[in-house]
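Undergrad: Here it is, the structure in full.
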């Protein structure tokens, strides 16, 4: 076979033809979809939309031992929330259906038989006990790791090492077996990755991976190569963790005789923890206080609940923007993109080789920018569930005034309520620490006197309130903070919120005075 040089010449493909560039996102329903997976789907989408091609969702559910009920629907729903749409999927039929691997078992059986007949795969009857024994022997030899490869396969229970008569008897007796790829000896596989360049791997470093399991289902390696070929996938854009498998997949393309239609590979860099020390995991988010899943996930087995970006109050367009920057650099200072702008500017050439640290504070900043782009009416709609939850139904014009005051303070959707709840409900308690810090012996008297002056105002607006405050502090000789800080405490219950003048005017004269009265009764 000689040197296997993976190089897919796509000069004969016109990227402007919508029926030729095809990508796929192929998750396994073994749990929730990590934001790293969402980013992979996003990069596929941006790449193929720019070239006018097709985006396929394929569910790779051949690992029945790790299958998690509800995971597939979670994947579909969470990608939908992110705005990542597909042209073909289990829910949107196309010319290469079915798009769920468990529905394609007959296809894989035909292809594994082709590999066996051509001498590129073989039957292996080794039991788990026998494999464990080999692993233990390897450890005893200086801590080595056992590898089922070109050398060790000659001593194992398989159709290469055993006499034909014996292994055929095993087959006839119904003895469980797997099918392994027969990795060639002393050759090299060259993978020309679109992001990482040329990657050369010696076949001596590859093991004879299982292609077909004893349960009659293919492993990922066989199924994804066969499906990518049959579904006419032109580009495989996936995570860095699959780079070690790329040489094996190249071998399979060669063994099947599909070299001329082998897809181009692009392996994306990892998303790292905020400190850059290792891959961002599902437990890092809850431990460090930010989500790592697009939407909330409840583990059906343990009952453990993991937070999601949707529930934390992120906008889907912000999440997309956050993920786009984790590995890709637009080459300019622009940070905020619409989806159409991302499609227009995205390219694999600007995707880096090295992992990107996830910055939770930067993520909030991105969301804040998208919140600021929303109209007051849109923010009012985002606020409505919180109003309903607390049983308040303010007039539209009143709500609009509140939104205008707090929109600059809202980094996440819940902030709209958290920064404004006191406009809709009186505080039931007052921050003790703030009270002890700001309340002076003369504070109650000043507030009663100020309230009496407010009562006399014929008009209660920003100008009259501001003038009254100026006149009152000048007349009494107290400092501005000695008046305004206690007023804020009575209006809000703490030292938070917009300017006290804004709060007073929105609340209105009657409610403003009532809060002073009620607050002073409690002091």
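Numbering (the working numbering), first residue to last: 61 to 583. Glycine included, C-beta positions come from ideal geometry on N, C-alpha and C.
Excluding sequence positions up to five away, which residues of its chain have a Cβ less than 6 Å from the Cβ of residue 511?
TA: Sequence index remark: in the chain shown, residue 511 carries index 451 (1-based). These residues qualify, in order along the chain: 573 and 576.
Undergrad: Out of 117, 197 and 134, point me to the one whose CA is closest to residue 161's CA.
TA: Within the chain shown, residue 161 is the residue found at index 101, counting from 1. Here the closest residue by C-alpha is 117.
Undergrad: Just the Cα atoms here: how many angstroms apart are residue 568 and residue 457?
TA: Position 508 of the chain shown holds residue 568. Position 397 of the chain shown holds residue 457. Inter-residue distance for residue 568 and residue 457 is about 13 Å (C-alpha atoms, whole angstroms).
Undergrad: Should residue 268 and residue 195 be called a contact, given that it needs their Cβ atoms to be closer than 9 Å?
TA: For the purposes of this step, residue 268 is identified with residue 208 of the chain shown, where counting begins at 1. For the purposes of this step, residue 195 is identified with residue 135 of the chain shown, where counting begins at 1. Not in contact: residue 268 and residue 195 (Cβ atoms no closer than 9 Å).
Undergrad: Please go through the region 302–364 and give each complete beta strand (DSSP E) segment of 3 or more residues, from N-terminal end onward.
TA: As summarised for the region 302–364, the continuous beta strand (DSSP E) elements at least 3 residues long and confined to that stretch are 324–328, given in chain order.
Undergrad: Spatial neighbours of residue 384 within its chain, please: C-beta separation below 6 Å, excluding the five flanking residues on both sides.
TA: Against the chain shown, residue 384 aligns to sequence position 324. If we look at residue 384 and ignore the five residues flanking it on each side, its Cβ neighbours are 402.
Undergrad: Just list the residues that DSSP pairs residue 505 with in beta bridges.
TA: The residue you call residue 505 lines up with position 445 of the chain shown. DSSP, once it has assigned bridges, lists no residue as partnering residue 505.
Undergrad: Nearest CA to the CA of residue 556: which residue from 97, 480, 328 and 428?
TA: In the chain shown, the residue the question calls residue 556 occupies position 496. With distances taken between Cα atoms, residue 556 lies closest to 480.
Undergrad: Restricting to Cα atoms, I'd like to know which of 549, 243 and 527 is closest to residue 312.
TA: Within the chain shown, the letter at position 252 stands for residue 312. Out of 549, 243 and 527, 243 has the C-alpha closest to the C-alpha of residue 312.
Undergrad: DSSP on residue 141, reduced to helix/strand/coil?
TA: As a first step, residue 141 must be located in the chain shown, where it is residue number 81. In the structure shown, residue 141 sits in a helix (DSSP, three-state: H, G or I).
Undergrad: Under 8 Å Cβ to Cβ from residue 559, same chain only, skipping five residues before and after it: list those, please.
TA: Locating residue 559 in the chain shown gives position 499, counting from the first residue. Closer than 8 Å at Cβ, skipping near neighbours: no residue.
Undergrad: Could you tell me whether the region 490–499 touches the region 451–469, where touching means 3 or more Cβ pairs closer than 8 Å?
TA: no
Undergrad: Determine the DSSP secondary structure at residue 245, reduced to helix, strand or coil.
TA: As a working note, residue 245 is residue 185 in the chain shown. The answer is coil: DSSP assigns residue 245 none of H, G, I, E or B.
Undergrad: Helix, strand or coil for residue 117? Go by DSSP, reduced to three states.
TA: Within the chain shown, the letter at position 57 stands for residue 117. Residue state, collapsed to three classes: strand.
Undergrad: Could you tell me how far apart the beta carbons of residue 241 and residue 271 are, in whole angstroms, since I believe they sit closer than 8 Å?
TA: For the purposes of this step, residue 241 is identified with residue 181 of the chain shown, where counting begins at 1. For the purposes of this step, residue 271 is identified with residue 211 of the chain shown, where counting begins at 1. Contact holds; Cβ gap of about 5 Å.
Undergrad: What number of angstroms, rounded off, separates the C-alpha of residue 459 from the C-alpha of residue 298?
TA: Taking the chain shown and counting its residues from 1, one reaches residue 459 at position 399. Taking the chain shown and counting its residues from 1, one reaches residue 298 at position 238. Cα to Cα, residue 459 sits roughly 45 Å from residue 298.
Undergrad: Determine the direct distance from the alpha carbon of residue 508 to that of residue 584, and round the result to whole angstroms.
TA: Limits of the chain in this structure are 61 at one end and 583 at the other, which puts residue 584 out of reach.
Undergrad: As a quick exercise: from 415, 501 and 140, pick the residue whose alpha carbon is nearest that of residue 332.
TA: Reading the chain shown from its first residue, position 272 is the one you call residue 332. The option with the nearest alpha carbon to residue 332 is 415.
Undergrad: Hey, how far is the Cα of residue 327 from the Cα of residue 251?
TA: Here residue 327 is taken as the residue at index 267 of the chain shown, counted from 1. Here residue 251 is taken as the residue at index 191 of the chain shown, counted from 1. It is roughly 11 Å from the alpha-carbon of residue 327 to the alpha-carbon of residue 251.
Undergrad: Between the Cα of residue 295 and the Cα atoms of 350, 171, 370 and 113, which residue gives the shortest distance?
TA: What you label residue 295 is simply residue 235 of the chain shown in a count that begins at 1. Nearest option by C-alpha distance: 113.
Undergrad: For the region 247–299, list the beta strand (DSSP E) runs that are entirely contained and at least 3 residues long, ordered along the chain.
TA: Those beta strand (DSSP E) runs which fall completely within the region 247–299 and span 3+ residues are 248–253, 257–262, 270–272 and 295–299.
Undergrad: Does DSSP classify residue 83 as helix, strand or coil?
TA: As a first step, residue 83 is located in the chain shown; it is residue number 23 there, counting from the start. Residue 83: strand per DSSP, three-state reduction.
Undergrad: Below 8 Å, how does it come out for the region 127–137 and the region 85–92: are there three or more Cβ pairs, yes or no?
TA: yes
Undergrad: What is the C-beta distance between residue 355 and residue 371, in whole angstroms, given that I count them as a contact (C-beta under 8 Å)?
TA: For the purposes of this step, residue 355 is identified with residue 295 of the chain shown, where counting begins at 1. For the purposes of this step, residue 371 is identified with residue 311 of the chain shown, where counting begins at 1. Their Cβ separation, rounded to whole angstroms, is 7 Å, which keeps residue 355 and residue 371 in contact under 8 Å.
Undergrad: Extract the residue ranges of the beta strand (DSSP E) inside the region 158–182, only unbroken runs of 3 or more that lie entirely within it.
TA: none
Undergrad: Near residue 66, which residues of its chain fall below 7 Å by C-beta distance, leaving aside the five closest residues on each side in sequence?
TA: In the chain shown, residue 66 corresponds to position 6, counting from 1. Reliability fails at residue 66, whose pLDDT of 38 lies under 50, so the model's placement of it is uncertain and no value is given.
Undergrad: Within the same chain, show all residues whose beta-carbon is closer than 6 Å to that of residue 148, passing over the 5 residues directly before and after it, in chain order.
TA: Locating residue 148 in the chain shown gives position 88, counting from the first residue. These residues qualify, in order along the chain: 116 and 154.
Undergrad: Count the other CB atoms, across all protein chains shown, that sit within 10 Å of the CB of residue 189; report buried if there are 16 or more and exposed otherwise.
TA: On the chain shown, residue 189 is found 129 positions in, with the first residue counted as 1. Exposed is the call here.
Undergrad: Between the C-alpha atoms of residue 537 and residue 484, what's the straight-line distance to the nearest angstrom?
TA: As a first step, residue 537 must be located in the chain shown, where it is residue number 477. As a first step, residue 484 must be located in the chain shown, where it is residue number 424. Approximately 34 Å between the Cα atoms of the pair.
Undergrad: So residue 476 packs on residue 427, CB below 8 Å; how close in whole Å?
TA: Stepping through the chain shown from its first residue, residue 476 is reached at position 416. Stepping through the chain shown from its first residue, residue 427 is reached at position 367. Residue 476 to residue 427, Cβ: 12 Å. No contact.
Undergrad: Short check: CB of residue 172 to CB of residue 181, under 9 Å?
TA: On the chain shown, residue 172 is found 112 positions in, with the first residue counted as 1. On the chain shown, residue 181 is found 121 positions in, with the first residue counted as 1. A contact, by the Cβ cut-off of 9 Å.
Undergrad: Which residues in the same chain as residue 103 place their Cβ atom closer than 6 Å to its Cβ, once the five residues preceding and following it in sequence are excluded?
TA: Numbered from its first residue, the chain shown carries residue 103 at position 43. Cβ contact annotation for residue 103 (same chain, cutoff 6 Å, sequence separation greater than five): 297, in chain order.
Undergrad: Pull up the distance between the alpha-carbon of residue 204 and that of residue 446, whole angstroms please.
TA: Mapped onto the chain shown, residue 204 falls at position 144. Mapped onto the chain shown, residue 446 falls at position 386. When rounded, the distance between both Cα atoms is 59 Å.
Undergrad: State the Cα-Cα distance for the pair residue 191 and residue 215, rounded to the nearest angstrom.
TA: In the chain shown, the residue the question calls residue 191 occupies position 131. In the chain shown, the residue the question calls residue 215 occupies position 155. Straight-line measurement puts the Cα of residue 215 at about 12 Å from the Cα of residue 191.
Undergrad: Provide the residue span of the alpha helix (DSSP H) that contains residue 540, from first to last.
TA: The count along the chain shown starts at 1 and reaches residue 540 at position 480. Taken as a continuous stretch (DSSP letters only), the alpha helix (DSSP H) holding residue 540 covers 540–552.
Undergrad: Provide the residue span of the alpha helix (DSSP H) that contains residue 459, from first to last.
TA: Residue 459 sits at position 399 when you count from the first residue of the chain shown. Run containing residue 459: 456–466, per the alpha helix (DSSP H) assignment.
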